[in-house]
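First the structure, in the form of structure tokens, and then the observations on it.
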Amino acid sequence: MQRSKQSRWQWVSVVGWVLVTTFGAASWAQAPTPTLPKSWVDQMRWRCIGPATMSGRITALTVSRHDPNLWWAASASGGLLKTTNNGITFEHQFDRQATISIGDVQVAPSNPNIVWVGTGESNPRNSVSWGDGVYKSTDGGKTWKNMGLKKTFQIGSIAIHPKNPDIVYVGALGRLWGPNPDRGLYKTTDGGKTWKKILYVDDKTGVIDIEMHPKNPDVLLVATYERQRDGFDGNDPAKKYGAGSAIYRTTNGGRSFTKITKGLPSGKLGRIGLCFYARDPRHVYAVIESEKIGKMRPDFPFAGIEGTSAEAGARITKVVQKGPAERAGIRAGDIVIAIDDTPVYSYADLLAAIRKAKAGDKAVWKVVRDHRGKEIEIKYARHRQAGKRKGSPFTTRLGGQPPNVQEHQGEKGHEYGGVYHSEDGGVTWKRINSLNPRPMYFSQIRVDPRDRNHIWVLGIPLYHSSDGGKTFTADGAGRGVHVDHHALWIDPRDGRHMILGNDGGIYVTYDRGQHWDHLNHVVISQFYHVGVGPRRRYRVYGGLQDNGSWGAPNVVRHGSGPANPDWFRVGGGDGFICLVDPEDPDQLYVESQNGVMMRYHLKTGEGGRIQPKPPKGVQYRFNWKTPFLLSHHNSRIHYSAGNYVFRSLNRGRSIKAISPEISRTDRGAASALAESPLDEDVLYVGTTDGALWVTRSGGRQWHRIYPPEAKDASSEESAGKELAKKTAAAKKGGNKKDAKKSQPEASKKKPASSEKPSVPEGQPLEKLLPGPRWVSSLTASRFHAGRVYATFDGHRSNDDGIYPMVSEDYGKTWRSLRANLPEAAGSVRVLREDLQNENVLYLGCEFGCWVSVDRGRSWTRLNSNMPHVAVHEFAQHATSGELIAGTHGRGIWILDVTTLRQINAEAIAAPVKLYKPNTVVMWKRKPSRGNSGGPRAYVGQNPTREAILDYSLGRPARSVELKIVDFRGRKVVELPASRQKGFHR
């Protein structure tokens, strides 16, 4: 045992260990290279370090009618949570199913042991995952069985008969990126053994919501929804409205349906949410999206003024030249106190009075000027934006419609969507409020089961009405509650008790939203990326969906693992890539959506935005997740990419384009970027629209690998000169020799191997891909200069293919690494090469992660105790032997890969193999922090304080002795050892 000079930790290494085996007389034959056995990998256990503090997106809630303390919460991509004590503790259920993305969950009203899960989140945002049908549990979620509908992709809603749990309705929303004939409403009467499609619109339209009559289960209202995303990560789907979106009603359990139209918008509809009033089901409420949402009516009036509220009235601050107000004689400084007979007490009152009028109407404004009253007649003009959405006062950010402006939208205001009320069980409807916040992402409405005056509409804030929907306020959740609300349960016994699910997890209130308790002690955090610092006791950083960027130590000395207080925020918005300067562990680089990159120093607080400014006539655009990196050769050099590749020589303080435009289309932008660790002049970049480029000259010349360039510009030199003419910015990137750093200048080290590796002959990329596909990751090898790995994600192109690739010649030819990867792996998110062993590769997919010990010739699932969650990124710590996985739904997981790096074909086939153990650090304990959270305090896992000893047997042995010996060879201890074939830990 050795003690460090800093006396903060102790390294423990095995002084010596001996494995003695005896085999029978049977001959040993060398077998062909086998796939790494899954049983071996399953013994290598991940540890989760959280975080739970910011939680993640909740999609659905269901509560037992028999016991309000028993309930389930479904997450977008982190599985299913069950509590039996009203959220004091949770059990993760559903972790071992093929997918853990959930659209809906329902517990049978008649039997709390029967639970149904519909897989595939139904919110059509850019990071959404998908599922493989519906599952049923008959033991409260302990075990699950897939009950079919496997090609429905995403489930919108489930409804269970209140008395007969064998009768179940499932709303299949269907594929988000293309047509799908498996959409529609399904019904089973035998508990899921057989299904019948009872409502089908077309292969573009699915079912988003099902509402069952509280007193007559044969009466159902069904909302259909036509939506589709395209190949880009825009905020909204490419299609949000369609002729297929509608409300249908059945009174005979689905034998026949009637399409409901009376009182609803006559044009194309979007997403719809429904809710019966339990006490009197004649009353039904709906939130409905219309293609006319937010538009000004065609006769919208224009007065030509700006103003502010005065002590009594509205003060005019600006009068538009040649506008109606100026022509009438209104002046800046006038205070309007009435319009016709309507008093004006504020500027909002003035706008409301104007909006009630029509273009061409006349009105008498009563104003105070120089302490004297005047009456001035004004004739309103037609607003130049009338009939349009852009510039409308009725449009909120992200495409919604504000509350309480229904009286200003004219006689045909019901055409614009909003909140609707039916008094005859859903046959006819009347709009009661204009409210509809970002419909594609929310469209959920709830009414208190005992008091229909209390109505809740879920959106970015939580909207609440206490007057039956006449008016709504945006303070339903109060301060301190996360935004973006997707699920709400109201206690039928007491409407003050509610459970809320949003992008920040689960909240509970007992006073109708005045105060909320955040149940943030379960890990469902959704990481887009993960990065690590260089210290031995390193920090982990990552960006999360709608929760910014955070960091924490991977190990703590005051407890058994990182807890919520150990995490600290380093960035806002939707967090993405987080990188640490290897020369300064406190220098961070983070980003939020659409290319907002920042640098921040933890100790000094110094930082700034990293934002390239386009030259005149050039437009820059960036992906939702913008790729950037720090140079392997000089960490002052910062590369990033949008529709151009950018370089900064001074940590982002100044930044220039060094490439021609790289996207194939006018919507494309970079999605992956890599620099060779062996050659500072080699960069690769891939885009959302499927373009792939390489430069071998530090950005002076670029060659488009895919799609292939025209023959007359096929050479790298001619292509680079041709494309460089397209932008002057490509000539202003500076020279990397200008970058200064404390250590020697940019590295000149030679490739680890200049010989071309012995591999099968490759093919041009166009022969391996069905067409341009989103480039999800790029990794330039640290072992061979010409080797580069690329992954292509086709799901946005409605393609379920799996496309990991490798090139050994700078992208000229490629080989597929699909090998034995099953379809169940899902689309590929990331492929990374091990830092120490070129044959070990890590693959992150939509439904888990995989490892190869033979450079992609075969793959083995690496999940072991990790749920089947999407893995978006891997990081590797340089000295600890640890692999860090950033999952999009279950936080950050860490695995010691010391043994994996030693496994190869020979080790697998060998009669006996001893594996060198990793060094164990025994951190000195610090006093524990005070903790009043009890069972609600999440605590992650530290690495083990014991040495891990691994060995493998190629076949059963007669005897095995495992001994630990000291420097002199004397036995310290003998450990029990298995004689069975396989891997042993």
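Taking the numbering used here, the leading residue of the sequence shown gets 32, the next gets one more, and so forth.
Glycine included, C-beta positions come from ideal geometry on N, C-alpha and C.
Using a threshold of 9 Å, state whether the C-beta atoms of E242 and L230 are closer than that.
no
Can at least three beta-carbon pairs, one atom from the stretch 77-95 and one from the stretch 586-598, be found at a separation below 8 Å? yes
| said: Using CA atoms only, rank isn't needed, just tell me which of H826, L862 and Y472 is closest to L207. | reply: H826
* To do: For the stretch 364-374 and the stretch 336-352, state whether three or more C-beta atom pairs, one from each stretch, are separated by less than 8 Å.
  => yes
Task: H414 in three-state terms, based on DSSP - done: coil
Q) By DSSP, does A934 sit in helix, in strand, or in coil? A) The displayed chain sequence assigns Ile, not Ala, to residue 934. Reduced to three states, the DSSP call for I934 is coil.
I need the straight-line Cα distance from S745 to W724, nearest angstrom please. For S745, the pLDDT reaches just 37, beneath the cut-off of 50, and the residue's location in the model is therefore unreliable, leaving the point undetermined.
Report task. Return the chain-ordered list of same chain residues with a C-beta closer than 8 Å to the C-beta of P355, the five sequence neighbours on each side being excluded. Result -> F333, A334, G335, I409, K410, Y411 and A412
So what's P434 in DSSP terms, helix, strand or just coil? coil
Classify G285 as buried or exposed, calling it buried when 16 or more other Cβ atoms lie within 10 Å of its own Cβ.
-> buried
Just to check my reading of the structure: K461 and Y472 have Cβ atoms closer than 8 Å, yes? What is that Cβ distance to the nearest angstrom?
About 26 Å separates the two Cβ atoms, so there is no contact after all.
Review point. Do the CB positions of R888 and L848 come within less than 9 Å of each other?
Key: yes
Assign L1006 to buried or exposed, taking buried as 16 or more other Cβ atoms, counted over all protein chains shown, within 10 Å of its Cβ.
-> exposed
Item to complete: Select from L305, A703, M953 and V611 the residue whose C-alpha is nearest the C-alpha of F823.
Response: A703
Exercise for review: Tell me whether L714 counts as near the ligand GTP, meaning its Cβ is closer than 8 Å to at least one heavy atom of that ligand.
Suggested key: You won't find the ligand GTP in this model; it holds no ligand whatsoever.
| query | Where does R428 sit, in a helix, a strand or coil, going by DSSP? | reply | helix
Next on the checklist: Applying the 10 Å Cβ sphere with the 16-neighbour rule, what's the burial state of H589?
Outcome noted: exposed
Subject >> G573, buried or exposed, once every other Cβ within 10 Å from all chains shown has been counted against 16 >> reply: It counts as buried.
Bridge partner(s) assigned by DSSP for W924
C79 and A916
- Within its chain, find whatever has a CB closer than 6 Å to the CB of Q774; leave out the 5 residues flanking it on each side and keep chain order. Low confidence applies to Q774: its pLDDT is 41, below 50, so where it sits in the model is not reliable enough to give any reading.
Going straight from the alpha carbon of W520 to that of D548, what length do you get? 15 Å
> Nearest CA to the CA of H1078: which residue from R886, G875 and A190?
Replying inline: Past the edges of the chain, shown from 32 to 1016, lies residue 1078, and the structure says nothing about it.
* Asked: Which runs of the beta strand (DSSP E), 3 residues or longer, sit entirely within the stretch 541-585?
  -> Runs found: 558-563, 570-575 and 579-584.
- Query: In three-state terms, what does DSSP make of V649?
  - Reply: coil
Have a look at E877 and H919 and give me their C-alpha separation to the nearest angstrom.
9 Å
(Q) Once the 5 residues before and after G31 are set aside, which same chain residues still bring their CB inside 6 Å of it? (A) Residue 31 falls outside the range modelled here, since the chain spans only 32 to 1016, and no answer is possible.
- Any idea what DSSP makes of P63, helix, strand or coil? Residue confidence is low: P63 scores 38 on pLDDT, short of 50, so the model does not pin down where it sits. Its coordinate-derived value is still stated next. Note: P63 maps to coil in three-state DSSP.
For V232, write down the residues that DSSP places opposite it in a beta bridge.
-> Partner(s): none; V232 has no beta bridge.
9 Å Cβ cutoff met for R21 and R214: This structure does not reach residue 21, given that the chain is present from 32 up to 1016, and the question cannot be answered.
Q: Using 10 angstroms around the beta-carbon of H97, count the other beta-carbons present and answer buried if the total reaches 16, otherwise exposed.
A: Its Cβ having fewer than 16 others within 10 Å, H97 is exposed.
Inset, instruction - Pick out the complete alpha helix (DSSP H) segments inside the stretch 932-1001, 4 residues or longer, and give them in chain order. - result: 936-940
(Q) What would DSSP say about Y378, mapped onto helix, strand or coil? (A) helix
- Item | Residue nearest to P708 in terms of C-alpha spacing, selected from K299, D612 and H815 | Minimum Cα distance to P708 is reached at H815.
Taking the straight line between their C-alpha atoms, what separation do you get for H495 and D981?
59 Å
*Decide if G119 is buried, meaning its Cβ has at least 16 other Cβ atoms within 10 Å, or exposed.*
Checking the sequence, you will find Ile at residue 119 rather than Gly. It is exposed - the Cβ of I119 has fewer than 16 other Cβ atoms within 10 Å.
From R804, S895 and G430, pick the residue whose C-alpha is nearest to that of A269; which is it? G430
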